[in-house]
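According to my numbering, the sequence shown is numbered sequentially starting from 12.
Shown next, in structure tokens, is the structure this report addresses.
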Amino acid sequence: MPRTIKVAAIQTSYGEDLKANIEKTERFVREAAGKGAQVILPSELYQGPYFCTTQEEKWFGTAHEAATHPCVVAMAPVAKELGVVVPVSIFERDGPLYYNSIVILDADGKQLGVYRKSHIPDGPGYQEKYYFRPGDTGFKVWDTAFGRIGVGICWDQWFPECARAMAIQGAEVLFYPTAIGSEPHDSSLDTRDPWRRAMQGHAVSNVIPVVASNRIGTEASGQKFYGSSFIADHRGDLVQSFEREDEGVLVHEFERDFLDRHRAAWGFFRDRRTEFYR
């Protein structure tokens, strides 16, 4: 029997109500699991609206410790019940420090650990440096019940070294939860296609599937998120994708042994010249 991994991306809108957002995400996790998905990716910071459009101190009150974050606590029994892996995006508080983080829940509901977002944007509509410190975990991969996965967070997706670092550590699939849409300073600027192409490039250069989950809808801040979540194969081809306002789950299965052999055959890791990277 071939070794496979079946992945899913969730695309939906989120509002102010934490409980409602958790319940909505759970419904989509159940839908994806019902379609056979084993690793299911919600979008970035689904606990509430994307609050980084402005600098307001009230939002620090919505951060929690990773292990006891409401999204983590609520999703752990769901992951265990359904036997699925869920990377849970959270606003993390660690003492006086704040991070944009991911907690990986394995198929038994246990926490495998935390990755803290490495690259923090700072610009109109995406003022994250006010809220988050750069992550101190380094890029990480996770041995889950269904395979070895790497997870970056939003702005990380633009940096090829993030994808390469996870691939070098043996990731079999890369996941990127995100929250991206309109650019308040320039209404004519549409980053949707470059956003996709950047991650499709990671897929090609590392011969690895990529899963990206974005939110949709116009939030109270005026920020409009363009969805367009997708699953790309090892060639960078979109094998599943949503448009800008679709809501639901994308599901696709990959054969792990084929990907491993194909990655070796391309020689991208064999031919790396690390002596030039110093």
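We treat Cβ as the ideally placed atom computed from N, Cα and C, and that holds for glycine.
Here the structure is a predicted model, which is why all the values come from computation and not from measurement.
Following the continuous beta strand (DSSP E) through residue i, name the residue where it begins and the one where it ends.
| i | result |
| --- | --- |
| Q122 | Q122 to R127 |
| D154 | V152 to T155 |
| R159 | G158 to V162 |
| P188 | V184 to P188 |
| V221 | V221 to S224 |
In terms of residue numbering, what span does the alpha helix (DSSP H) encompassing residue i cover?
| i | result |
| --- | --- |
| S216 | R203 to N217 |
| V84 | P81 to L93 |
| A176 | P171 to I179 |
Cα separation between residue i and residue j?
| i | j | result |
| --- | --- | --- |
| A85 | E139 | 26 Å |
| Y142 | C63 | 8 Å |
| K151 | E256 | 32 Å |
| V114 | A74 | 14 Å |
| K210 | L108 | For clarity, residue 210 is Met in the given sequence; the question names Lys instead. Distance between the alpha carbons of M210 and L108: 29 Å. |
| K30 | T23 | 15 Å |
| K235 | Q180 | 35 Å |
| T15 | E68 | 45 Å |
| T229 | I164 | 21 Å |
| S240 | K121 | 27 Å |
| L261 | T189 | 15 Å |
| T202 | S193 | 8 Å |
| A182 | W153 | 8 Å |
| G233 | E27 | 14 Å |
| R281 | R274 | 10 Å |
| A174 | V96 | 20 Å |
| F269 | T65 | 46 Å |
| S112 | I101 | 5 Å |
| S224 | L200 | 21 Å |
| A118 | R144 | 30 Å |
| Y61 | W277 | 39 Å |
| G72 | R104 | 9 Å |
| F287 | Y126 | 28 Å |
Let me check one thing: in DSSP terms, what residues is residue i bridge-paired to?
| i | result |
| --- | --- |
| N111 | F102 |
| H263 | V18 |
| M249 | First, the residue type needs correcting, since residue 249 is Leu and not Met in the sequence shown. According to DSSP, L249 bridges with A243. |
| K235 | T229 |
| D133 | Q138 |
| H75 | E103 |
| G192 | F236 |
| G116 | The residue you asked about is not Gly; residue 116 is Leu in the sequence shown. DSSP lists V97 and Q122 as partners of L116. |
What is the C-beta distance between residue i and residue j, in whole angstroms, given that I count them as a contact (C-beta under 8 Å)?
| i | j | result |
| --- | --- | --- |
| V50 | T155 | 7 Å |
| V184 | F265 | 7 Å |
| R267 | G94 | Not a contact, Cβ separation roughly 18 Å. |
| W206 | I191 | 6 Å |
| F279 | N217 | 7 Å |
| T36 | P53 | 5 Å |
| V89 | V99 | In fact, because the Cβ distance is near 10 Å, the residues do not count as touching under 8 Å. |
| G212 | G238 | Wrong, their Cβ atoms sit about 20 Å apart, outside the cutoff. |
| G47 | K17 | 5 Å |
| P195 | P135 | 5 Å |
* 3-residue-minimum beta strand (DSSP E) runs that sit fully inside the segment 36–63, ordered along the chain -> 50–52
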